[in-house]
Amino acid sequence: MNIALFGPPGAGKGTQAKELSKQYSIPHISTGDILRANVRDGTELGLKAKQYMDKGELVPDEVLIGLIRNRLSESDCDTGYLLDGYPRTIPQADALTDILKEISKPLDAVINIEVSDDALVKRLSGRRSCTCGESYHVMFNPPEKEGICNACGAELYQRDDDKEDVIRQRLAVYNEKTKPLIDYYDKAGILVNIDGTGAVDAVFADICKIMDQFK
Ligand code: AP5
Ligand code: ZN
């Protein structure tokens, strides 16, 4: 099944995608995770992307389009994929449509996780992340030992873009550049809205109900 998880920063895309990827045995493709790994490794892409990410701005479309084209062409996507954080602009969505046509893997659904702005700010400002890919929340999903990852034992950190002023900027960028894609995919007839305000397990169950239709 070919799915894109959509929603504002902090909606829970990454949290849900990790579990959904295990449940349905399809790769979780997070452009944010790919970019952060490049930043950590100090690659040319990472150095370029960091300037934008730290300010809460989007990395230029041509960079993301090349990255996603390569990733979707890998053989582990043959049986499906779960996109998280891509597309984020109309040009990215247009490019995705072309790429998916070329490789004959069209999207089955775009699942839009809806959460209010106030809740998003609370979620993002309390998030603590690990380099292994796990993420926690100081109140909603605390690790067993404060500041330590349950999965790998490493020390948790706060993402540079999870500081309140950058969070506000990310939400503004979402509203201006990314939100119009809701209408774009609604017109394409593949948009499904779900309420993302419930507990992690409840949201997961709702997304599974949608994804089960494409098994
Ligand atoms: P990216 O990493 O994609 O960030 P984002 O979209 O801002 O999404 P987040 O990772 O912040 O949120 P999420 O929805 O995954 O929430 P999570 O599950 O972690 O992108 C970062 C940057 O990279 C961008 O700003 C941009 O610069 C660049 N970039 C990436 N893709 C790009 C693209 N396509 N084009 C251009 N630039 C791009 O949850 C958040 C918190 O809430 C966690 O603490 C979690 O524990 C908690 N939580 C989750 N679900 C619940 C729940 N149901 N109840 C309570 N708490 C919950
Ligand atoms: Zn870890």
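Note that full-length UniProt numbering has the sequence shown beginning at 1, numbered continuously upward. Note that the Cβ used here is the ideal one computed from N, Cα and C, for glycine as well. Since the structure is predicted, the reported quantities are computational estimates derived from the model, not experimental observations.
- Contact check for M1 against F214 passes: the beta carbons are separated by less than 8 Å.
- The alpha-carbon of D118 is positioned some 11 Å away from that of A11.
- Judged by the Cβ position, G32 qualifies as a neighbour of the ligand AP5 at the 7 Å threshold, a heavy atom of the ligand being closer than this.
- Within the same chain, Cβ atoms closer than 7 Å to the Cβ of L156 are found at R128, S129, C130, Y136, P143, G147, I148 and C149, the five residues on either side in sequence being excluded.
- Checking the 7 Å criterion, the Cβ of F214 is out of range of every heavy atom belonging to the ligand AP5.
- In the DSSP assignment, I29 falls within the beta strand (DSSP E) that extends over H28 to S30.
- I29 is a Cβ neighbour of R71, given a cutoff of 8 Å.
- Judged by DSSP in its simplified three-state form, E74 adopts coil rather than helix or strand.
- Residue pairing by DSSP puts R127 in a beta bridge opposite H137.
- When the alpha-carbon of A188 is set against those of L20, A109, L35 and D161, the nearest one is in A109.
- Classified as exposed, K145 has fewer than 16 neighbouring CB atoms from the shown chains inside 10 Å of its CB.
- Between the ligand ZN and the CB of E19, the shortest heavy atom gap is not smaller than 7 Å.
- With a contact defined as Cβ atoms closer than 8 Å, V63 and K48 qualify at about 7 Å.
- If the five residues before and after G46 are omitted, its C-beta is found closer than 6 Å to the C-beta atoms of N38 and V39, all from its own chain and listed in chain order.
- Counting only residues of its own chain and dropping the five nearest sequence neighbours on each side, P8 has a CB closer than 6 Å to the CB of L120 and Y174.
- The criterion of a C-beta distance shorter than 8 Å is satisfied by L83 and A4.
- When secondary structure is reduced to three states using DSSP, V200 falls in the helix class.
- With at least 16 other beta carbons inside 10 angstroms of its own, K13 counts as buried.
- Excluding its 5 nearest sequence neighbours in each direction, L171 has C-beta neighbours in its own chain below 7 Å: P8, P9, D117 and L120, listed in chain order.
- Cβ neighbours of G80 within its own chain (closer than 6 Å, five residues either side excluded): M1, N2 and I26.
- Of the candidates T97, D195 and P91, P91 places its Cα closest to the Cα of P60.
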